[in-house]
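Protein chains: 2
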Amino acid sequence: MSNAKVLPLLEPADGQGVAPCCPPLTERPMTAEEAETAARMFKALGDPVRLRLFSAVASHEGGEACVCDISDVGVSQPTVSHHLKKLKEAGLLTSERRGTWVYYRVEPSVLAAMGKLLSLPAAA
Amino acid sequence: MSNAKVLPLLEPADGQGVAPCCPPLTERPMTAEEAETAARMFKALGDPVRLRLFSAVASHEGGEACVCDISDVGVSQPTVSHHLKKLKEAGLLTSERRGTWVYYRVEPSVLAAMGKLLSLPAAA
DNA sequence: CACCTGTATTGATGAGCGTCAACATAGACA
DNA sequence: TGTCTATGTTGACGCTCATCAATACAGGTG
Chain A
3 MSNAKVLPLL
13 EPADGQGVAP
23 CCPPLTERPM
33 TAEEAETAAR
43 MFKALGDPVR
53 LRLFSAVASH
63 EGGEACVCDI
73 SDVGVSQPTV
83 SHHLKKLKEA
93 GLLTSERRGT
103 WVYYRVEPSV
113 LAAMGKLLSL
123 PAAA
Chain B
3 MSNAKVLPLL
13 EPADGQGVAP
23 CCPPLTERPM
33 TAEEAETAAR
43 MFKALGDPVR
53 LRLFSAVASH
63 EGGEACVCDI
73 SDVGVSQPTV
83 SHHLKKLKEA
93 GLLTSERRGT
103 WVYYRVEPSV
113 LAAMGKLLSL
123 PAAA
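Residue numbers (the working numbering), protein chains in the order written: chain A, 3 to 126; chain B, 3 to 126.
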């Protein structure tokens, strides 16, 4: 799989950063394109199993975890693999193989962008 | 419809407030129950049309909007109604009929709870 | 090389979802 | 009462998704 189209919520910025795709939900009505982009990410977290996998990776020490560390979520191994792939395609996780094991880690800037999306207009 | 089971992400607190259902995603792995609860809300925002409707209400002046103000999202009227119902069931919106029109408003504490869910551990 | 463990892919199945046309309901007004 | 507008509900259709068993692939060890 190529590296393109993997971070829908973020757009690559110049050099070393990423910029959020969308303004806060409360700032103005989202356009169709913005909604399409942001919804992809909410959708990825809209499954209990995926949410648990994501939380397990995000809360694991070092911000990364081996599949074997987090696959105890009550579904079969292929299903775990399927969900991790979805999270990866949504731009929420990245993966890297190190020897026998595959490690997943969260994209911290994505978390920040999601937080901004839900931020309130100063004093609500 | 009764008033129960309408705010999955929040639990009614004593008297006048609500308390978030879950700790930040990054604090510790979510339990199955927590994930079930939080995923319901992410799922509700995981559709582009619903996200636009929600954003339209959230960004509308006074934090509320008549259906007629926000139903220009490219789908039929029954579909708009269907999505607003889903957002209501997810606890993200409340509705009130005033004469001919029905007004939807955001549950501000829910937005805050979602923001907390995605908050980073201080300095990430 | 063969064998074992960890992870990904394939293919199939059943459930759920988004959408619409048609119809129903609620309130305002004459 | 009847009629008009705004919104909700019903029923159906096609599509997507979550899940699993079976299989394939990758890397380590012997």
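Ideal placement from N, C-alpha and C gives every residue a C-beta, glycine not left out.
Can you pull the chain A residues whose beta carbon is under 8 Å from the beta carbon of B/E63, in chain order?
Numbered from 1 along the second sequence, position 61 holds the residue referred to as residue 63 of chain B. For B/E63, none of the residues of chain A pass the 8 Å Cβ criterion, the least Cβ distance being about 11 Å.
Which full runs of the alpha helix (DSSP H) of 4+ residues lie inside the segment 22-74 of chain A, going along the chain?
Qualifying alpha helix (DSSP H) stretches, in chain order: 34-46, 50-61 and 69-72.
Quick test of the definition: if touching needs 3 or more C-beta pairs under 8 Å, does the segment 32-47 of chain B touch the segment 66-78 of chain B?
With a cut-off of 8 Å, the segment 66-78 of chain B and the segment 32-47 of chain B do not count as touching, because too few Cβ pairs lie within range.
Checking contacts by CB at 8 Å: is B/P50 closer than that to chain A?
Taking the first residue of the second sequence as position 1, residue 50 of chain B is located at position 48. Chain A contact via Cβ: present.
Own chain partners of A/G65 with C-beta closer than 6 Å, once the 5 adjacent residues on each side are dropped
Translated into the one-based positions of the first sequence, residue 65 of chain A becomes position 63. Result list for A/G65: R107 and V108, in chain order.
Confirm, please, whether the CB-CB distance from B/T33 to A/A60 is below 8 Å.
As a first step, residue 60 of chain A must be located in the first sequence, where it is residue number 58. As a first step, residue 33 of chain B must be located in the second sequence, where it is residue number 31. No, these two residues do not count as a Cβ contact at 8 Å.
Under the three-state DSSP convention, the category A/S97 falls into
The sequence position of residue 97 of chain A within the first sequence is 95, counting from 1. The three-state secondary structure of A/S97, taken from DSSP, is strand.
Establish whether the CB of A/K90 and some CB of chain B are separated by less than 8 Å.
What you label residue 90 of chain A is simply residue 88 of the first sequence in a count that begins at 1. Using beta-carbon distances, A/K90 does not count as an interface residue toward chain B, since no partner is under 8 Å.
Within its chain, find whatever has a CB closer than 6 Å to the CB of B/C68; leave out the 5 residues flanking it on each side and keep chain order.
Residue numbering aside, residue 68 of chain B sits at position 66 when the second sequence is read from its first letter. When the five nearest sequence neighbours on each side are left out, the beta carbons in the same chain lying within less than 6 Å of the beta carbon of B/C68 are those of W103 and Y105, in order along the chain.
Quick one: which residues of the segment 85-114 of chain B get their C-beta closer than 7 Å to a C-beta of chain A? List them in chain order.
Per Cβ criterion, the list reads P110, L113 and A114.
Residues of the segment 35-59 of chain B whose Cβ lies closer than 7 Å to any Cβ of chain A, in chain order
Taking 7 Å as the Cβ-Cβ cut-off against chain A, the residues of the segment 35-59 of chain B that qualify are A37, E38, A40, A41, F44, K45, L47, G48, D49, P50, L53, R54, F56, S57 and A58.
Anyone know if the C-beta pair for B/P31 and A/R54 falls short of 8 Å?
One-based indexing of the second sequence puts residue 31 of chain B at position 29. One-based indexing of the first sequence puts residue 54 of chain A at position 52. Less than 8 Å separates the beta-carbon of B/P31 from that of A/R54.
Identity of the residue in B/S121, B/S111 and B/V112 nearest A/S111 by Cα:
Locating residue 111 of chain A in the first sequence gives position 109, where the first residue counts as 1. Ranking B/S121, B/S111 and B/V112 by CA distance to the CA of A/S111 puts B/S121 first.
Just the C-alpha distance for B/P80 and A/G101, rounded to the nearest angstrom, thanks.
What you label residue 80 of chain B is simply residue 78 of the second sequence in a count that begins at 1. What you label residue 101 of chain A is simply residue 99 of the first sequence in a count that begins at 1. Whole-angstrom Cα-Cα distance: 53 Å.
Taking 8 Å as the CB-CB cut-off, is B/E29 touching chain A?
In the second sequence, the residue the question calls residue 29 of chain B occupies position 27. By the rule that beta-carbons nearer than 8 Å mark a contact, B/E29 touches chain A.
Considering only the beta carbon of each residue, do B/F44 and B/L89 sit closer than 8 Å?
As a first step, residue 44 of chain B is located in the second sequence; it is residue number 42 there, counting from the start. As a first step, residue 89 of chain B is located in the second sequence; it is residue number 87 there, counting from the start. It is not a contact, given that the beta carbons lie outside the stated cut-off.
Rounded Cβ spacing between B/R52 and B/A58 (contact assumed at less than 8 Å):
For the purposes of this step, residue 52 of chain B is identified with residue 50 of the second sequence, where counting begins at 1. For the purposes of this step, residue 58 of chain B is identified with residue 56 of the second sequence, where counting begins at 1. 11 Å between Cβ atoms; not a contact.
Is A/H85 buried or exposed, if buried means 16 or more other CB atoms sit within 10 Å of its CB?
As a working note, residue 85 of chain A is residue 83 in the first sequence. Classification of A/H85: buried, given that the 10 Å Cβ count is 16 or more.
Look at the Cβ atom of B/C24, then the Cβ atom of B/L94, and state whether they are nearer than 8 Å.
Sequence index remark: in the second sequence, residue 24 of chain B carries index 22 (1-based). Sequence index remark: in the second sequence, residue 94 of chain B carries index 92 (1-based). B/C24 places its beta carbon 8 Å or farther from that of B/L94.
What three-state label does DSSP hand A/V134 in the structure shown?
In the structure displayed, chain A extends from 3 to 126; residue 134 of chain A sits before or after that span and is not available.
Beta carbon proximity, B/S121 to chain A, threshold 8 Å
The residue given as residue 121 of chain B occupies position 119 in the second sequence. Flagged as an interface residue toward chain A: B/S121, by a C-beta distance shorter than 8 Å.
Pair within 8 Å by beta-carbon distance, B/G48 and A/G117:
Here residue 48 of chain B corresponds to residue number 46 of the second sequence, with the count starting at 1. Here residue 117 of chain A corresponds to residue number 115 of the first sequence, with the count starting at 1. It is not a contact, given that the beta carbons lie outside the stated cut-off.
Can you give me the C-alpha to C-alpha distance between B/H97 and A/I72, rounded to a whole angstrom?
Working through the second sequence from its first residue, we reach residue 97 of chain B at position 95. Working through the first sequence from its first residue, we reach residue 72 of chain A at position 70. Note that residue 97 of chain B is Ser in the sequence shown, not His. Looking at the two C-alpha atoms, the distance is approximately 40 Å.
Measuring only the C-alpha atoms, how far is A/C70 from B/P26?
Taking the first sequence and counting its residues from 1, one reaches residue 70 of chain A at position 68. Taking the second sequence and counting its residues from 1, one reaches residue 26 of chain B at position 24. Roughly 23 Å between the two C-alpha positions.
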